[in-house]
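The structure appears below as structure tokens.
Number of protein chains: 2
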Amino acid sequence: MISLVSTTKVYLEIIKQLREMITDDGLKPGDKIPSERELSERLNFGRSSVREALRALEMLGLIETRRGEGTFIRDFRDHRLVQLLSTFILQDEKAKTDVFETVELIEIDGLQLALRKMKSKDHEELLNWIRTVDVVRHSDFFYRIIRYADNYLLFRIWVILKEYYESLVPEPAQYSREDYLSLAEALAKRDEAKTLSAYRQLRNLSFK
Amino acid sequence: MISLVSTTKVYLEIIKQLREMITDDGLKPGDKIPSERELSERLNFGRSSVREALRALEMLGLIETRRGEGTFIRDFRDHRLVQLLSTFILQDEKAKTDVFETVELIEIDGLQLALRKMKSKDHEELLNWIRTVDVVRHSDFFYRIIRYADNYLLFRIWVILKEYYESLVPEPAQYSREDYLSLAEALAKRDEAKTLSAYRQLRNLSFK
DNA sequence: CCGCAATGGTGGTCAGACCACACATGTCTC
DNA sequence: GAGACATGTGTGGTCTGACCACCATTGCGG
Numbered sequence: 001m002i003s004l005v006s007t008t009k010v011y012l013e014i015i016k017q018l019r020e021m022i023t024d025d026g027l028k029p030g031d032k033i034p035s036e037r038e039l040s041e042r043l044n045f046g047r048s049s050v051r052e053a054l055r056a057l058e059m060l061g062l063i064e065t066r067r068g069e070g071t072f073i074r075d076f077r078d079h080r081l082v083q084l085l086s087t088f089i090l091q092d093e094k095a096k097t098d099v100f101e102t103v104e105l106i107e108i109d110g111l112q113l114a115l116r117k118m119k120s121k122d123h124e125e126l127l128n129w130i131r132t133v134d135v136v137r138h139s140d141f142f143y144r145i146i147r148y149a150d151n152y153l154l155f156r157i158w159v160i161l162k163e164y165y166e167s168l169v170p171e172p173a174q175y176s177r178e179d180y181l182s183l184a185e186a187l188a189k190r191d192e193a194k195t196l197s198a199y200r201q202l203r204n205l206s207f208k
Numbered sequence: 209m210i211s212l213v214s215t216t217k218v219y220l221e222i223i224k225q226l227r228e229m230i231t232d233d234g235l236k237p238g239d240k241i242p243s244e245r246e247l248s249e250r251l252n253f254g255r256s257s258v259r260e261a262l263r264a265l266e267m268l269g270l271i272e273t274r275r276g277e278g279t280f281i282r283d284f285r286d287h288r289l290v291q292l293l294s295t296f297i298l299q300d301e302k303a304k305t306d307v308f309e310t311v312e313l314i315e316i317d318g319l320q321l322a323l324r325k326m327k328s329k330d331h332e333e334l335l336n337w338i339r340t341v342d343v344v345r346h347s348d349f350f351y352r353i354i355r356y357a358d359n360y361l362l363f364r365i366w367v368i369l370k371e372y373y374e375s376l377v378p379e380p381a382q383y384s385r386e387d388y389l390s391l392a393e394a395l396a397k398r399d400e401a402k403t404l405s406a407y408r409q410l411r412n413l414s415f416k
């Protein structure tokens with residue numbers, strides 16, 4: 001007897017077809033996708049299976065459902081993903097040190113990229129921001145840095161790790177305006193050694 | 209009239225209670241959680257709602273369901289992280305260059321950590337492996353490096369990026385045994401500059 | 001023209017049914 | 001007695017149909 005049952009779970013199959021449907025129809029963030037009942041009919045799966053697929057996508061922040069209106073594609077560039085995870089991960093002590101360590105590595109990576117990619121206009125902008133802003137928040141600073149680094153993937157990774165990080169420490173990191181200023185100046189000079197040492201001073205890193 | 213309907217969606221409420229249940233009972237990765245039917249009864253929600261909650265958690269990689277057996281807590285350190293995000297992002301040409309760039313950064317990060325953390329025993333083992341193995345596959349080599357770096361989170365990120373990387377290039381990266389050997393030797397000498405230059409030569413990187 | 005009730009479409013939830021699978025148990029055969 | 005087989009039970013997997021809650025639109029009456 002021929003197996004009519006695909007080995008993959010139905011809800012994953014639905015997600016797959018839904019994705020094809022989205023690309024085929026050229027749907028973009030904000031657009032509405034077909035209703036649950038219509039998907040159920042078009043794809044030949046039960047509505048409950050369709051809903052399971054939608055819940056999975058919703059949890060990932062890829063879609064948004066509004067009762068009485070419909071289901072919409074979200075701008076997945078700002079999905080959360082980790083908020084949930086962080087509450088789970090807290091227990092493992094080793095995981096924490098991994099998070100700290102990795103955040104610092106990624107930030108250094110961002111600095112390295114920024115070092116190569118920042119234009120003088122960017123440097124002016126950054127310095128100006130540091131000088132005029134009320135208080136230099138660490139996450140705001142690196143938000144800018146990694147933007148300048150012009151690598152969206154690295155940016156995403158950093159944001160995710162940052163969320164972990166902030167869920168692990170009681171209060172957000174806070175260093176002095178002077179530290180950020182010297183960091184930004186080292187960047188403007190395109191001086192790698194100075195940049196790294198400025199970062200280390202900021203973080204009070206002991207290693208090399 | 210008193211609103212009996214919680215404003216939050218039921219499946220989120222179920223996730224919340226499930227989480228409490230897990231911490232209260234001290235369940236750990238690998239442990240089995242109550243069956244769908246039991247959860248449905250204990251929490252007073254329909255089974256389909258329970259299933260929607262489980263699908264959401266499964267999509268995040270927090271649980272694993274096995275037909276006929278039950279639902280189990282996963283080692284959340286294996287969670288997807290960037291996985292889904294990138295499958296959507298891949299279409300973008302800019303995203304590809306981001307992947308390449310980021311993989312290289314992460315590999316350098318791994319090297320830096322390994323530089324600080326590897327024991328002499330590790331160095332022996334690595335050198336021996338390079339000398340005796342049939343062919344030095346790039347992913348195998350860095351698999352080891354990032355293991356030595358002893359940062360599970362970084363390791364997970366690397367594995368994910370590597371998968372994308374390999375899905376973007378026709379054939380896996382392949383460099384000469386000598387290149388890996390000089391890289392390993394530089395590591396053994398704990399010489400940072402030599403290590404980085406060896407990596408750059410391997411990758412034929414133009415930048416500093 | 002405005003305001004409002006009716007209507008239809010949408011997601012949200014539930015109950016029940018049946019299937020597919022894994023495992024433990026019991027039973028039969030040799 | 002030991003091994004092979006059958007069976008039962010519990011589990012996740014899926015579908016159906018029903019009903020509720022909410023939203024937007026329509027169209028009617030003022």
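One line per chain: the protein sequences are A and B, in this order.
FYI, the numbering for the first sequence is 1 to 208, going by my numbering.
FYI, the numbering for the second sequence is 209 to 416, going by my numbering.
Backbone N, C-alpha and C define an ideal beta-carbon position, used for all residues, glycine too.
If you draw a straight line from the alpha carbon of A:F141 to that of B:T273, how long is it in whole angstroms?
One C-alpha to the other measures close to 42 Å.
Enclosing alpha helix (DSSP H) for A:F141 [first to last residue]:
138-148
Next on the checklist: Please list the terminal residues of the continuous beta strand (DSSP E) segment that includes B:R274.
Outcome noted: 271-274
Exercise for the section: Answer yes or no: do B:T310 and A:L161 have a C-beta to C-beta separation smaller than 8 Å? Expected result: no
Check: Based on the DSSP secondary-structure assignment, which residues constitute the bridge partners of A:G46?
Finding: Paired residues: none, contrary to the question.
message: Short of 7 Å in beta carbon distance, which residues of its chain neighbour B:M326, apart from the five on each side in sequence? Order them along the chain.
response: Y356, L395
Self-check item: Residue closest to A:K28, alpha-carbon to alpha-carbon, out of A:L62, A:R51, A:L39, A:K9
Solution: Checking every option, the nearest Cα to that of A:K28 belongs to A:L62.
Where A:R55 meets chain B, residues with beta-carbon distance less than 7 Å: The answer, in chain order, is Y219, E260, R263, A264.
- Task: Please confirm whether B:Y388 and B:L319 have their CB atoms less than 8 Å apart.
- Result: Taking 8 Å as the cut-off, the beta carbon of B:Y388 is found no closer than this to the beta carbon of B:L319.
**Asked** Would you say B:I223 and B:A264 are within 8 Å of each other, going by their C-beta atoms?
**Response** Yes; because the gap between Cβ atoms is below 8 Å, this pair is in contact.
**Request:** To the nearest angstrom, report how far apart A:D191 and A:V135 are at their CA atoms.
**Result:** Approximately 25 Å, taken between the alpha carbons.
Task: Rounded separation between A:L202 and A:R131 - CA only - done: 17 Å
Three-state secondary structure (DSSP) of B:G234: In the three-state reduction of the DSSP assignment, B:G234 falls in the coil class, being assigned neither a helical nor a strand state.
- Checking contacts by CB at 8 Å: is B:T279 closer than that to chain A? So no, B:T279 is outside the interface.
Check: Quick one: which chain B residues come within Cβ less than 7 Å of A:M59?
Finding: A264, M267, L268
- Is the Cβ of B:T403 closer than 8 Å to any Cβ of chain A? no
I need the straight-line Cα distance from B:S257 to A:E20, nearest angstrom please. Straight-line spacing of the CA atoms in B:S257 and A:E20 works out to 27 Å.
Q | Contact residues within the stretch 336-355 of chain B, judged by C-beta distance below 9 Å to chain A | A | none
Check: Nearest to B:D239 by CA position, among B:L268, B:R250, B:I281, is which residue?
Finding: B:I281
### Query
Whose Cβ in chain B lies nearer than 9 Å to the Cβ of A:S48?
Neighbours of A:S48 on chain B, chain order: S256, R259, E260.
Compare the beta carbon distance of A:G70 and A:S40 with 8 Å and say whether it is the shorter of the two. no
Can you tell me whether B:V341 is buried or exposed, with buried defined as 16 or more other CB within 10 angstroms of its CB?
-> exposed
Just curious, the beta strand (DSSP E) that B:T279 is in, first and last residue?
Following the DSSP letters along the chain, one finds B:T279 inside the beta strand (DSSP E) bounded by residues 278-281.
message = Alpha carbons only, please: which of B:L335, B:I353, B:T305 is nearest the one belonging to B:D317?
response = B:I353
Q) CA-CA distance, B:A392 and B:W337? A) 10 Å
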